[in-house]
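**Q** Residue 8 is where the sequence shown starts when you use this note's numbering, and the numbers rise one by one after that. Pasting a structure below so you can have a look.
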Amino acid sequence: MLHTMSTSVEAATERSAAEVNEEIRALWRRSGGTLSTEQREEYQRLVMEWAAAAPQSAQAA
8 MLHTMSTSVE
18 AATERSAAEV
28 NEEIRALWRR
38 SGGTLSTEQR
48 EEYQRLVMEW
58 AAAAPQSAQA
68 A
């Protein structure tokens with residue numbers, strides 16, 4: 008049986024918005040404030056994951 012990798016924003020184990028936010032902050036710290044093309048792609052993925060994980064009330068603000 009063949010298995011394919013998911014290309015969706017959702018992680019295999021769902022993380023809280025706070026956990027994803029911490030990873031976003033760590034990415035910016037590691038980059039020194041300037042993201043490479045690869046880091047920008049990771050940032051975009053993380054932001055989408057954060058948005059999916061954030062409570063609806065936080066998204067409406």
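Think of the CB as a built atom: it goes at the ideal place given N, C-alpha and C, for glycine as much as any other residue.
Are there 16 or more other CB atoms within 10 angstroms of the CB of A58, so buried, or fewer, so exposed?
**A** exposed
**Q** Tell me the rounded alpha-carbon separation between G40 and A60.
**A** 25 Å
**Q** Excluding sequence positions up to five away, which residues of its chain have a Cβ less than 8 Å from the Cβ of L53?
**A** V27, E30, I31 and L34
**Q** Rounded to whole angstroms, what is the Cα-Cα separation between P62 and E21?
**A** 13 Å
**Q** A24 to Q51, Cα distance in whole Å?
**A** 14 Å
**Q** Tell me which residue opens and which closes the alpha helix (DSSP H) that T41 is part of.
**A** Run containing T41: none; DSSP gives neither H nor E here.
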